[in-house]
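Following: one structure in structure tokens, then a few remarks.
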Amino acid sequence: MMEDLAMHILEILMNSIKAGAKLITLKIKDSLNDDIIEFSIEDDGKGMDAEMAARAADPFTTSRTTRRIGMGLAFMKGLAETCGGSFQLDSTPGVGTIVKASVQKLNIDTPELGDLGEMMMESIQSDEKIDYVLEYTTDYGQFVFDTRIIKEELAGVSLLEPEILIWIKEYINQGIEQAKEDTQQ
Amino acid sequence: MKSLEDLKKMREAALKKVEMREGGKDYRVVVGMATCGIAAGARPVLNRLVEETANNDYNCVVTQTGCIGMCVYEPIVEVFGKEGDHTTYVHVDPEKAARILKEHIGEGKVIEEYTVEAARKENGNA
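Going down the list, the sequences are from chains A and B.
Basically this note's numbering = 1-based index in the first sequence + 3.
Basically this note's numbering = 1-based index in the second sequence + 672.
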């Protein structure tokens, strides 16, 4: 069920949401020149102490108390290791958490990047009060999406209006496609 | 091409709609998006609901919820009406989701065959 990178990232975004984040910054570097897809997810949620952070990527760890599910970090760490990349987790209680991971872009085990627009739409839809910054960088260009700018433009109209959710998804995917285009040629 | 300018137009259109309705939407459509729902295929259902609602201007909001404890019946879509009426649709796929919007939200008709009650009867544990 974890078909593409977007779904892996979505799991981490959900962790940030559950940790009470107000602002989540997602940076993705997608570079053929460096043969890497690198991403970092930074939040201002409640964070974890050193002991919990050390165990967080262990598949037998979870922040949930109702049921023992919650494998987002473990899956991502496994993915990074399988695909010739790296995984790093830094967390400070009361400050927030940064998850950094990378995969080799051309590694045969590296999944598709997936639908980042849909991923963002789904994450935004789960709680519109949370703000997001998405920064997507390629060898040729960069696309930046910031919900705070969107909210300012909308001035009080909800992000959850279906027309606006669809617009967000399409706007992001369009921006990402543009950033992928080689304008030098 | 999409640009931030679009948002101004969409904002005005959304405000106009709110004025027309006075007091928000008639229905709330809720999709179970816990692990159980997603594993059963809730993600395309949610996307279809959002798309159909935007394209046909159905009088509802589409939101997410967690696990409601009936994992074998996922994907589950619940429809809450303004008068406190509540219908639980089970084993929903994108096609069924479109029909639920058209008939339930659009025409006010509950689709009995998709409800949890119908599914329970079929399983012989009504």
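Each residue gets a CB set at the ideal place from its N, CA and C atoms; glycine is no exception.
According to DSSP, simplified to helix, strand and coil, what is residue i?
i	result
Asp-678(B)	helix
Phe-63(A)	coil
Tyr-174(A)	helix
Cys-670(B)	Not covered by the structure: residue 670(B). The range shown for chain B is 673 to 798.
Ser-189(A)	Nothing about residue 189(A) can be read from this structure; chain A reaches only from 4 to 188.
Glu-6(A)	coil
Ala-104(A)	strand
Lys-32(A)	strand
Ile-12(A)	helix
Ile-3(A)	Only positions 4 to 188 of chain A appear in this structure, which leaves residue 3(A) out of reach.
Leu-76(A)	helix
Leu-687(B)	helix
Leu-157(A)	helix
Leu-773(B)	helix
Gly-48(A)	coil
Glu-84(A)	helix
Gly-796(B)	coil
Leu-116(A)	coil
Asn-728(B)	helix
Checking contacts by CB at 8 Å: is residue i closer than that to chain B?
i	result
Leu-163(A)	yes
Ile-20(A)	no
Glu-156(A)	yes
Tyr-139(A)	no
Glu-45(A)	no
Leu-76(A)	no
Leu-168(A)	yes
Ser-129(A)	yes
Glu-180(A)	no
Ile-72(A)	Residue placement at Ile-72(A) cannot be trusted, given a pLDDT of 46 that sits under 50; what the coordinates show is reported in the next sentence. With 8 Å as the cut-off, Ile-72(A) counts as an interface residue toward chain B.
Does the beta carbon of residue i sit closer than 8 Å to a beta carbon anywhere in chain A?
i	result
Lys-688(B)	no
Asp-698(B)	no
Asn-795(B)	no
Leu-773(B)	no
Asn-731(B)	no
Glu-746(B)	no
Met-682(B)	yes
Glu-646(B)	Here chain B covers residues 673 to 798 and nothing more, so residue 646(B) does not appear.
Val-800(B)	The first residue shown for chain B is 673 and the last is 798, placing residue 800(B) beyond what the model contains.
Asp-765(B)	no
Lys-754(B)	no
Ala-769(B)	no
Ala-714(B)	no
What does DSSP give as the partner residues of residue i in its beta bridges?
i	result
Glu-723(B)	None, per the DSSP bridge assignment.
His-758(B)	Phe-752(B)
Asp-93(A)	Ile-101(A)
Gln-736(B)	Val-703(B)
Leu-137(A)	Leu-29(A), Phe-148(A)
Thr-787(B)	Tyr-761(B)
Taking the Cβ atom as the reference point for each residue, do residue i and residue j lie within a distance shorter than 8 Å?
i	j	result
Ala-22(A)	Thr-100(A)	yes
Glu-724(B)	Tyr-730(B)	yes
Leu-679(B)	Ile-153(A)	yes
Ser-19(A)	Gly-48(A)	yes
Val-749(B)	Val-703(B)	yes
Thr-787(B)	Tyr-761(B)	yes
Val-102(A)	Gly-87(A)	no
Met-79(A)	Ile-15(A)	yes
Glu-131(A)	Leu-163(A)	yes
Gly-117(A)	Met-10(A)	yes
Trp-170(A)	Lys-688(B)	no
Gly-753(B)	Tyr-699(B)	yes
So, under 8 Å CB-CB, residue i and residue j are touching, yes? Tell me the CB distance rounded to an integer number of Å.
i	j	result
Glu-684(B)	Ala-714(B)	Contact doesn't hold; Cβ gap of about 33 Å is too wide.
Ala-83(A)	Thr-141(A)	Actually they do not touch by this definition, with Cβ atoms about 20 Å apart.
Val-701(B)	Cys-732(B)	5 Å
Arg-720(B)	Ala-770(B)	6 Å
Ile-27(A)	Leu-119(A)	14 Å between Cβ atoms; not a contact.
Val-717(B)	Pro-766(B)	6 Å
Leu-2(A)	Ala-53(A)	Chain A is shown only over 4 to 188; residue 2(A) falls outside these bounds and no answer can be derived.
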